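Have a look at the structure below, then the notes.
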Amino acid sequence: MKSRDRRSASKMTVYAALAGNILVAITKFGAATFTGSSSMLSEGMHSLVDSGNELLLLYGYRASARKPDPSHPLGYGRELYFWSFMVALMLFAVGAGASIYEGVMHMREPEPIEHAEVNYVVLALSLVFEGASWWTALRLFRERKGTRNYWQAVHESKDPPAFMVLFEDTAAIIGIVIAAIGVFSADQLNIPELDGLASILIGIVLAVAALILARESKELLISEQASKRISNSIIELAASEPGVERATGVFTVHLAPDEILAALNLEFDDELKTPDIEQSVVSLERRIRDKHPEVVALFVKPKACAKHVA
14 MKSRDRRSAS KMTVYAALAG NILVAITKFG AATFTGSSSM LSEGMHSLVD SGNELLLLYG
74 YRASARKPDP SHPLGYGREL YFWSFMVALM LFAVGAGASI YEGVMHMREP EPIEHAEVNY
134 VVLALSLVFE GASWWTALRL FRERKGTRNY WQAVHESKDP PAFMVLFEDT AAIIGIVIAA
194 IGVFSADQLN IPELDGLASI LIGIVLAVAA LILARESKEL LISEQASKRI SNSIIELAAS
254 EPGVERATGV FTVHLAPDEI LAALNLEFDD ELKTPDIEQS VVSLERRIRD KHPEVVALFV
314 KPKACAKHVA
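Here the sequence shown is numbered in this note's numbering, starting from 14 and rising by one per residue.
See below:
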């Protein structure tokens with residue numbers, strides 16, 4: 014899949030999640046107001062936070078697409094990583110924090126749930142909306158993970174929204190199940206504190222998801238290297254370039270999901286003149302970008318061939 018196609022697919026996943034979360038938030042808040050359910054209110058806040066997170070991711074896509082300028086010669090690609098990190102913080106501070114707080118307050122001052130059947134209908138609708146968004150995100154992620162397992166694919170992914178939406182939707186589905194159990198238990202056993210406990214458990218689920226997302230986003234934000242496959246390919250291309258005696262190393266870093274900076278250490282034939290070396294570098298740059306168009310910046314540090322150094 015080409016870089017532009019990958020970005021478009023990721024954005025469509027975010028749009029699908031945004032639409033689903035807005036619909037879910039409206040229905041959950043309506044049910045919470047009508048029935049007085051703490052876990053339903055927590056689920057409504059969860060969906061509202063998720064909607065805000067999707068908007069932040071879409072803004073991150075837009076901001077990261079800006080062209081390089083004198084003050085940012087390598088572009089704004091890391092804007093996406095920054096806003097992805099902010100999404101994780103929002104999920105932790107607002108989503109998890111508010112859910113746990115609401116649950117504790119409900120356990121301290123429990124109120125019986127009224128019209129529990131309304132909650133069941135809303136949770137069923139929410140499961141349909143969230144399930145559709147989750148399936149869209151899962152299909153995209155499956156296409157990208159290849160033969161890797163899911164955890165490895167998440168850790169090696171350079172496109173945070175691709176796995177963030179999947180994580181958020183998974184947490185949302187788990188939250189819906191917990192809310193349903195909480196409402197049912199509180200209603201059938203006449204123990205309203207169980208509804209508050211469900212709200213706390215939902216907050217814990219959100220906190221765990223947020224911490225995982227924050228860790229992965231942080232790695233990208235502080236400059237994560239390209240995959241070994243790309244690094245090895247660059248070394249092989251450099252070593253096969255006429256005039257290059259040896260490629261002694263490559264340094265890579267992701268500037269954005271589809272943008273890589275690479276720096277090469279090369280030993281050139283001592284008999285090459287400066288114009289010949291320049292021509293060799295230009296040729297190598299063209300070959301690398303033909304095979305890896307995501308390499309947007311290439312720096313070469315030439316060295317004298319070791320076998321000719323006294």
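Where is the CB? At the ideal position from N, CA and C, for every residue including glycine.
Owing to the predicted nature of the structure, the values given are computational and were not obtained by experimental measurement.
As a quick exercise: from the options, pick the residue whose alpha carbon is nearest that of residue i.
i, options, result
"valine 196", "Ile126, Val37 and Ser55", "Ile126"
"leucine 153", "Ala137, Val141, Glu143 and Pro174", "Pro174"
"alanine 227", "Trp96, Leu31, Val257 and Tyr74", "Trp96"
"proline 306", "Leu69, Leu233, Leu31 and Leu274", "Leu274"
"phenylalanine 264", "Asn245, Asp282 and Val257", "Asn245"
"lysine 316", "Gly256, Val308 and Lys304", "Gly256"
"isoleucine 213", "Ser21, Glu56 and Asp282", "Glu56"
"alanine 220", "Glu254, His59, Phe105 and Ala32", "Phe105"
"isoleucine 225", "Val100, Arg157 and Ser236", "Val100"
"methionine 249", "Ser293, Ser51, Gln292 and Ile301", "One detail in the question is off: residue 249 reads as glutamate in this sequence, not methionine. Checking every option, the nearest Cα to that of glutamate 249 belongs to Ile301."
"serine 60", "His85, Leu87, Ser51 and Ala30", "Ala30"
"arginine 20", "Gln165, Met120 and Arg157", "Arg157"
"threonine 40", "Leu138, Lys24 and Ala22", "Leu138"
"methionine 120", "Ser52, Leu69, Thr287 and Pro81", "Ser52"
"alanine 22", "Thr149, Ala38, Val37 and Pro81", "Thr149"
"serine 236", "Glu272, Phe176 and Ala222", "Glu272"
"alanine 276", "Ile247, Ala184, Ile191 and Glu254", "Ile247"
"phenylalanine 98", "Glu284, Ala223 and Tyr28", "Ala223"
Output the distance between the C-alpha atoms of residue i and residue j, rounded to the nearest integer angstrom.
i, j, result
"leucine 71", "glycine 43", "27 Å"
"proline 270", "leucine 210", "40 Å"
"glutamate 181", "threonine 160", "23 Å"
"lysine 241", "alanine 252", "16 Å"
"leucine 102", "glutamate 229", "12 Å"
"leucine 234", "glycine 33", "28 Å"
"alanine 310", "isoleucine 35", "40 Å"
"glutamate 291", "alanine 239", "26 Å"
"arginine 232", "tryptophan 164", "Reading off the sequence, residue 232 comes out as glutamate, not arginine. Near 15 Å, if we compare the C-alpha coordinates of tryptophan 164 and glutamate 232."
"glutamate 67", "glutamate 122", "34 Å"
"valine 218", "valine 294", "51 Å"
"glycine 65", "isoleucine 243", "35 Å"
"alanine 166", "arginine 155", "9 Å"
"serine 84", "histidine 168", "31 Å"
"aspartate 82", "leucine 69", "23 Å"
"leucine 87", "tyrosine 94", "15 Å"
"alanine 184", "tyrosine 133", "19 Å"
"leucine 285", "glutamate 254", "13 Å"
"asparagine 162", "threonine 287", "48 Å"
"lysine 24", "lysine 304", "25 Å"
"isoleucine 191", "methionine 177", "21 Å"
Enumerate in chain order the residues of its own chain whose CB-to-CB distance from residue i is below 6 Å, with the five nearest sequence positions on each side excluded.
i, result
"arginine 259", "Glu280"
"valine 107", "Val62"
"leucine 140", "Ile189"
"alanine 199", "Ile126, Pro205, Leu207 and Asp208"
"glycine 216", "Ala109, Ser112 and Ile113"
"lysine 171", "His267 and Pro270"
"alanine 193", "Leu136"
"glycine 262", "Asn278"
For residue i, report the span of its beta strand (DSSP E) as first-last.
i, result
"leucine 153", "Premise fails: leucine 153 lies in the alpha helix (DSSP H), 129-158, not in any beta strand (DSSP E)."
"leucine 274", "272-281"
Leaving out the 5 sequence neighbours to the left and right, which residues in its chain are closer than 7 Å to residue i when beta-carbon positions are compared?
i, result
"glycine 49", "Glu124, Ile126 and Glu127"
"aspartate 47", "For the sequence presented, residue 47 should be read as phenylalanine rather than aspartate. His128 and Val131, listed in sequence order."
"glutamate 92", "Gly73, Ala76 and Ser77"
"tyrosine 89", "Ala76, Ser77 and Arg79"
"leucine 54", "Ala45 and Glu115"
"valine 37", "Ser60, Ser139, Phe142 and Glu143"
"leucine 151", "Leu179"
Go ahead and label residue i buried or exposed: buried means 16 or more other beta carbons lie within 10 angstroms of its beta carbon, across all protein chains shown.
i, result
"arginine 299", "exposed"
"threonine 26", "buried"
"leucine 202", "exposed"
"serine 296", "exposed"
"alanine 323", "Because alanine 323 carries a pLDDT of 45, less than 50, the predicted location of this residue cannot be relied on, and no value is offered for it."
"phenylalanine 312", "exposed"
"arginine 79", "exposed"
"glutamate 115", "buried"
"methionine 58", "buried"
"valine 308", "buried"
Just to confirm the assignment, what range does the alpha helix (DSSP H) spanning residue i have?
i, result
"arginine 259", "It is not in any alpha helix (DSSP H) - arginine 259 instead sits in the beta strand (DSSP E) that spans 257-269."
"glutamine 238", "Here glutamine 238 belongs to no alpha helix (DSSP H), and DSSP marks it neither H nor E."
"glycine 57", "51-77"
"glycine 88", "Careful: glycine 88 lies outside any alpha helix (DSSP H) and carries neither H nor E."
"isoleucine 187", "173-201"
"serine 296", "287-304"
"glutamate 124", "Segment: none, glutamate 124 is in no alpha helix (DSSP H) and carries neither H nor E."
"alanine 101", "92-103"
"isoleucine 204", "That residue, isoleucine 204, is in no alpha helix (DSSP H); it is neither H nor E in DSSP."
"glutamate 169", "163-169"
Can you name, in chain order, every residue of its own chain whose Cβ lies under 8 Å from the Cβ of residue i, other than the five neighbours on each side?
i, result
"isoleucine 186", "Leu140, Glu143, Gly144 and Trp147"
"valine 117", "Gly209 and Ile213"
"aspartate 289", "Gly256"
"lysine 314", "Ala276, Leu277, Asn278 and Leu279"
For the ligand ADP, is there a heavy atom less than 7 Å away from the beta-carbon of residue i?
i, result
"leucine 102", "This structure lacks the ligand ADP, and indeed carries no ligand of any kind."
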